[in-house]
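Here numbering that gives the first Met the number 0 is used: position 85 in the sequence shown is 84, and no number is missing along the way. Even glycine gets a Cβ: it sits at the ideal position worked out from N, Cα and C. Worksheet for the structure shown next.
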Amino acid sequence: MLRMNRRSVWLVMFVAAVLLAPTAGTLAQGGPDFAAAIDTEDVMVHVRALSVAIGARPLGSQAEARAADYVAATLRDWGYTVEVQTFETRPAGGGERVLSRNVIATRPGSDRLVIAGAHLDSVEAGTGAGDNASGVAALLGAAKALRDVELAHTLVFVAFGAEERGDPSGAQVYVDQLGARAADVIAMLNIDSVGVGDTLYVYAGAPVSWPNGQDAAPEIGNGPVWVRDLALDLAAGLGLPFQTSPAETWGGYTGDWSDHYPFVEAGIPVAYFEAWRWDGAPNPWWGQETADGDVMHTAGDVYEAVKPAQVEQVAELVAATLAAIAGGAAGPP
Ligand SMILES: [Zn+2]
Numbered sequence: 000m001l002r003m004n005r006r007s008v009w010l011v012m013f014v015a016a017v018l019l020a021p022t023a024g025t026l027a028q029g030g031p032d033f034a035a036a037i038d039t040e041d042v043m044v045h046v047r048a049l050s051v052a053i054g055a056r057p058l059g060s061q062a063e064a065r066a067a068d069y070v071a072a073t074l075r076d077w078g079y080t081v082e083v084q085t086f087e088t089r090p091a092g093g094g095e096r097v098l099s100r101n102v103i104a105t106r107p108g109s110d111r112l113v114i115a116g117a118h119l120d121s122v123e124a125g126t127g128a129g130d131n132a133s134g135v136a137a138l139l140g141a142a143k144a145l146r147d148v149e150l151a152h153t154l155v156f157v158a159f160g161a162e163e164r165g166d167p168s169g170a171q172v173y174v175d176q177l178g179a180r181a182a183d184v185i186a187m188l189n190i191d192s193v194g195v196g197d198t199l200y201v202y203a204g205a206p207v208s209w210p211n212g213q214d215a216a217p218e219i220g221n222g223p224v225w226v227r228d229l230a231l232d233l234a235a236g237l238g239l240p241f242q243t244s245p246a247e248t249w250g251g252y253t254g255d256w257s258d259h260y261p262f263v264e265a266g267i268p269v270a271y272f273e274a275w276r277w278d279g280a281p282n283p284w285w286g287q288e289t290a291d292g293d294v295m296h297t298a299g300d301v302y303e304a305v306k307p308a309q310v311e312q313v314a315e316l317v318a319a320t321l322a323a324i325a326g327g328a329a330g331p332p
């Protein structure tokens, strides 16, 4: 048995405290401690506002417009310059033309852009709590934590309209209007459905095609992986439990089904944050949200289904990743 006098005990505790301090996530890339700066209520207040106070937010609806107003007002309160981009769209496969909106909040820096985005619309079933009030909440949590952080490059937060079957989607409209400025975008972080699924993931994006239909293996092109790998490294440093997609299917990439994809097609490096489950799914290329199947797009996608700690952890990792890139500490290899 090891015996120590009182003075030795204090010395051991002091040395342990010094050794353990960096693993608490402080200054992972010389930046602020986002794990300490963001707490559960910083994100869940927005999940409640969008999914309980407003409810389902189908493209072109009054509720989708109210959600855009809420996000715009929140970001303005924190000192961001906010522009609301209104566009015409229609449900894919037919339907009347409607108006939808992207909310674009900017903190000016250099000519180079770092973008984070999440869609604020939902399908009609349920109240769009997981898909995607949770993602908008994580986006806003990161925006709040970064509002006063010194950064080199221009930081942009976008809440997209019309992700759910919009033709065009808000993300497509946003990338189209970027035009030649797409070449100035260092990276885009997409946050979609992070509150309900079993496990937290971050993926890279690549061009994807489905020559044998969507139940068979797709062809996956090459895409830059440094944003994903940066996020995974930061997660490890912060003690946050993130993984990437299975080697036997997507191999660290993801599909073509969310707001990141127009950015991929424009040649912009992306990372995609999601809560999902890849083990034991009937279709290994789709996976499933939980062991009992998908909650998204069902009546079960309500506030009570969202796990606050997951939304908080995504906000922390998104903030840390944005700070590393926009601060100039990390970038393409
Ligand atoms: Zn979604």
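Its Cα nearest to that of Ala124, the residue Leu58 stands out among Gly326, Leu58, Phe241. DSSP lists Thr105, Ile114 as the bridge partner or partners of Val155.
The continuous alpha helix (DSSP H) containing Val317 extends over residues 307-325. In this structure, Asn221 is the residue among Asn221, Asp232, Gly299, Ile103 with its C-alpha nearest to the C-alpha of Ile267. In this structure, Thr248 is the residue among Leu139, Tyr260, Thr248, Val70 with its C-alpha nearest to the C-alpha of Ala280. The beta carbon of Ser168 sits no closer than 6 Å to any heavy atom of ligand 1.
Closer than 6 Å to some heavy atom of ligand 1: that does not describe the Cβ of Ser244. Spanning the alpha carbons of Glu162 and Arg146 requires a straight line of approximately 26 Å.
The beta carbon of Asp300 sits no closer than 6 Å to any heavy atom of ligand 1. Between Val135 and His45 a beta carbon distance of about 6 Å is seen, short of the 8 Å cut, so the two are scored as contacting.
With fewer than 16 other CB atoms across the displayed protein chains lying within 10 angstroms of its CB, Trp256 is exposed. With a contact defined as Cβ atoms closer than 8 Å, Arg276 and Thr289 qualify at about 6 Å.
A distance criterion of 6 Å places the beta-carbon of Asn189 beyond contact range of ligand 1, judged by its closest non-hydrogen atom.
Taking a cut-off of 8 Å for Cβ pairs, the stretch 164-176 and the stretch 190-209 do not touch, as fewer than three such pairs fall below it. Arg56 counts as buried, since at least 16 other C-beta atoms from the protein chains shown sit within 10 angstroms of its C-beta.
Pairing Val157 with Glu40, the inter-Cα distance amounts to about 21 Å. Secondary structure at Gly292: strand, using DSSP grouped into helix, strand and coil.
In the three-state reduction of the DSSP assignment, Ser50 falls in the helix class. Contact check for Trp225 against Pro331 passes: the beta carbons are separated by less than 7 Å. In this chain, the alpha helix (DSSP H) harbouring Pro261 covers 259-264.
Between Arg96 and the set Ser168, Phe33, Ala318, the nearest pair of CA atoms involves Ser168. Here Tyr69 carries a helix assignment [DSSP, helix/strand/coil]. Contact check for Val113 and Leu177: beta-carbon distance about 13 Å, past the 8 Å limit, so the pair fails to qualify. If you ignore the 5 residues before and after Val172, its C-beta comes within less than 6 Å of the C-beta of Phe86, all in its own chain and listed in chain order.
Under the 10 Å beta carbon count, Gln213 is surrounded by fewer than 16 other beta carbons and is classified as exposed. Of Gly108, Ala215, Ser99, Gly254, the smallest CA-CA separation from Asp183 is found for Gly108. The three-state secondary structure of Gly250, taken from DSSP, is coil. If one requires a minimum length of 3 residues, the beta strand (DSSP E) runs lying completely within the stretch 171-251 are 184-190, 198-203, in chain order. In terms of Cα proximity to Val83, the closest of Arg89, Ala71, Glu63 is Ala71.
Shown here, Ser133 sits in a helix according to DSSP, grouped into three states.
Rounded to whole angstroms, the separation of the alpha carbons of Gln287 and Val51 is 25 Å.
For Leu74, same chain residues with a beta-carbon under 8 Å away, outside a window of 5 residues either side, are Val81, Val102, Ala104, Leu139, Ala142, Phe156 in chain order. With a cut-off of 6 Å, the C-beta of Asn131 is classified as near ligand 1, since at least one heavy atom of the ligand falls inside that distance.
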